[in-house]
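Undergrad: Add 9 to a position in the sequence shown, counting from 1, and you land on the number used in the numbering used here. All C-beta atoms in this analysis are idealised placements derived from N, C-alpha and C, irrespective of residue type, glycine included. Below is a structure I'd like to ask you about.
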Amino acid sequence: MKINQIKVYLEDPNPQNRLKAIVELRNYPPNVVVPLLKQRMYDKEFVIRSFVAMGLGYKLSDEGFNILLSLIENEKDPNVLAEGANSLAKYGEKAIPHLLELFRRESHWLLRQSILAAVDEIGSPDVFLQLCQWGLEGDDLTVKLASISYLRKLKGTPLESEAINVLLDLSTSEIVAIRGQVARVLGIFEAPVARAALAQLREDLDHRVVAATLETLL
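Now the structure itself:
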């Protein structure tokens, strides 16, 4: 599609045409695409805003980075924020402070899981441990379980012992799913305290936790 037609479609009342225009922008360079995406960053349709956020991650530029910062500051829909976080992460280390602040500020499970996955590619161990700790302090069980799982990424880093300590604290949780997840992750660590805690979990009163400890033997 020619750029003039794309510009017309971007202003079309029909959201399907606006969406089609955004998809067609994939064939153009950042200096053309980014200003046009900016025009639709406050579109009334969250799907279109999501595609704008996604598109900004494929057309990297200084302007695009600043637009993404504005988006994550003002957007309310967690789906759009998750796409914005994914795109922001493609800018590497300079995105980390903004992703940390977004994670701290927003508690929605989809957004937090997206940030955990994104920072996994670019973050240092201390950044990753901080995100996991914040996730564990929240109320969402899905995020808690993801945070526990991501602690395995700290194996072999200077923060391995701190990750193990977090797992040890959680190994006596009243929530079965948490104890089970802890068992799965403890199994990858070779430190004696981790092995001892895993052995204790093999004696857990809930068979699901015991089964989780056995998964580590496979």
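1. Within 10 Å of its beta-carbon, does residue 68 have 16 or more other beta-carbons around it, so buried, or fewer, so exposed?
2. Roughly how many angstroms separate the alpha carbons of residue 11 and residue 32, rounded to a whole number?
3. Check for me: the alpha helix (DSSP H) holding residue 188 runs from which residue to which?
4. Please state whether DSSP places residue 181 in a helix, a strand or coil.
5. Leaving out the 5 sequence neighbours to the left and right, which residues in its chain are closer than 6 Å to residue 156 when beta-carbon positions are compared?
6. Whole-angstrom Cβ separation of residue 202 and residue 173, contact assumed at under 8 Å?
7. Can you give me the Cβ contacts of residue 101 inside the same chain, cut-off strictly under 8 Å, excluding the 5 residues immediately before and after it?
8. Look up residue 104 in the DSSP assignment and say whether it is helix, strand or coil.
9. For residue 214, which of helix, strand or coil comes out of DSSP?
10. Would DSSP call residue 88 helix, strand or coil?
11. Under 8 Å by Cβ, that's how I've got residue 19 and residue 43 pegged, so tell me the actual separation to the nearest angstrom.
12. Terminal residues of the continuous alpha helix (DSSP H) containing residue 28?
TA: The answer reads as follows:
1. Flag for residue 68 reads buried.
2. Between the alpha carbons of residue 11 and residue 32 lies a distance of about 12 Å.
3. The continuous alpha helix (DSSP H) containing residue 188 extends over residues 185–195.
4. DSSP places residue 181 in coil when its eight states are reduced to three.
5. Apart from the 5 residues on each side of it in sequence, residue 156 sits with its Cβ closer than 6 Å to the Cβ of 141, 144 and 145 in its chain, given in chain order.
6. Going by Cβ atoms, the distance from residue 202 to residue 173 rounds to 6 Å, so yes, they are a contact pair.
7. Excluding its 5 nearest sequence neighbours in each direction, residue 101 has C-beta neighbours in its own chain below 8 Å: 131, listed in chain order.
8. In this structure, residue 104 counts as helix in the three-state DSSP scheme.
9. DSSP places residue 214 in coil when its eight states are reduced to three.
10. Note: residue 88 maps to helix in three-state DSSP.
11. Cβ-Cβ separation between residue 19 and residue 43: approximately 13 Å, too far for a contact (criterion under 8 Å).
12. Membership of residue 28 in the alpha helix (DSSP H) is indicated by the continuous run 24–33.
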